[in-house]
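Read through the structure below, which is laid out as structure tokens, and then see the notes.
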Amino acid sequence: MPPRRKRAPVNDSFSQHVALVTGAGSGIGRAVSQALAARGAAVVVSDINGEAADAVVAEITAAGGTASAIVTDATDPAALTAAVAHAVDTHGKLTLAVNNAGIGGPTGLAADIPVEGWQRVIDLNLSAVFYGVHAQIPAMLAAGGGSIVNISSILGLVGEATAVPYTAAKHGVTGLTKAIAAGYAAQGIRANSVHPGYIETPLIEKAPKDFLIAKHPIGRLGTAEEVAAVVLFLLSDEASFVTGSQYGVDGAYTAI
Ligand SMILES: NC(=O)c1ccc[n+]([C@@H]2O[C@H](COP(=O)([O-])OP(=O)(O)OC[C@H]3O[C@@H](n4cnc5c(N)ncnc54)[C@H](O)[C@@H]3O)[C@@H](O)[C@H]2O)c1
2 MPPRRKRAPV NDSFSQHVAL VTGAGSGIGR AVSQALAARG AAVVVSDING
52 EAADAVVAEI TAAGGTASAI VTDATDPAAL TAAVAHAVDT HGKLTLAVNN
102 AGIGGPTGLA ADIPVEGWQR VIDLNLSAVF YGVHAQIPAM LAAGGGSIVN
152 ISSILGLVGE ATAVPYTAAK HGVTGLTKAI AAGYAAQGIR ANSVHPGYIE
202 TPLIEKAPKD FLIAKHPIGR LGTAEEVAAV VLFLLSDEAS FVTGSQYGVD
252 GAYTAI
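Each residue of the sequence shown is one higher than the last, beginning at 2 in our numbering.
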């Protein structure tokens, strides 16, 4: 008798879950969506860029996963409410959310930052996270609980002189996440923030690579998949006692 071929174990640990990921058409959001779908979650791929969201859904479904796209401007509270309604109407509930959409914004010392640039970064990188959880939490409570990961940054833990609105917004995400964790822990909703170092995505394609690499003792930039791995841990039941925490994924950037 020929030897039985060994099959790789199927990890479907998220098969009971429905996830909503913002900014899911590219970079970290795309990697998180793909990883969740590969483990059995139904994923709502939401992005302001409909073509990018559709492309991620096509990748997921081609790999045998379940996903649907929705065009969402995360700075519009009504759009985030609609994205949650889409998750419930299309996939039956919402139990996981990754508030990820973000931009780099203007750089320079504080006095040189245009007020409009400040407002744009705070709108998307901070207020949109609030709009997201504001819409997501009632649906999670209705589903009996859930887990939220908000994508902050190393600049949500330490400052950077020339990333003024970005640093402020990402520190805001750190605090917002703690408040949510404290407020909803007893009702079965966990919330944690993830703090990537510089990750090779379109967000930083114009930045000088060697200069950025030098800030990471590990000697390289991170990948979106390395961030997704930590996000999935925090979303999973393995992290059942982890809430209100800040998880770095930064090659020791914040260790020095
Ligand atoms: N790349 C890095 O080095 C790095 C480091 C730390 C934190 N982060 C954070 O990770 C998150 C994702 O970044 P990324 O590197 O994957 O970026 P990315 O540019 O690859 O992807 C961002 C996605 O957000 C979408 N988006 C932009 N504006 C939006 C809006 N108003 N509404 C909804 N979607 C919108 C874009 O269309 C894009 O698909 C951001 O919050 C970013 O601040 C990135």
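No residue lacks a Cβ here, since even glycine has one placed at the ideal position from N, Cα and C.
Pair within 7 Å by beta-carbon distance, residue i and residue j
i	j	result
L233	H196	no
A84	V57	no
A75	A111	no
S34	T73	no
I181	A192	yes
T108	T168	no
G28	T202	yes
L204	G105	yes
A186	T244	yes
Residue i, enclosing beta strand (DSSP E) - first and last residue
i	result
G249	247–250
A1	Missing from the structure shown is residue 1; the chain here goes from 2 to 257 and no further.
H149	The amino acid occupying residue 149 in the given sequence is Ile; His does not appear at that position. Element bounds for I149: 147–152.
A20	19–23
Residue i (DSSP reduced to helix, strand or coil)
i	result
G30	helix
A209	First, the amino acid is wrong: residue 209 is Pro here, not Ala. DSSP places P209 in coil when its eight states are reduced to three.
P197	strand
S14	coil
T67	strand
G109	strand
V243	coil
L158	coil
N101	coil
I257	coil
I219	coil
A169	helix
A36	helix
A192	strand
A75	coil
Contact test: residue i Cβ vs ligand 1 heavy atom, cutoff 6 Å
i	result
G160	no
A98	no
L204	yes
N101	yes
A253	no
G220	no
S34	no
L125	yes
Y248	no
G28	yes
P209	no
Extent of the continuous alpha helix (DSSP H) to which residue i belongs
i	result
V122	116–123
V134	129–144
P78	78–92
A229	225–236
Quiz prompt | Three CB pairs or more closer than 8 Å across the region 14–30 and the region 38–52 | solution = yes
Exercise. Please confirm if the region 137–151 is in contact with the region 85–101, defined as three or more CB-CB distances below 8 Å between the two stretches.
Key: yes
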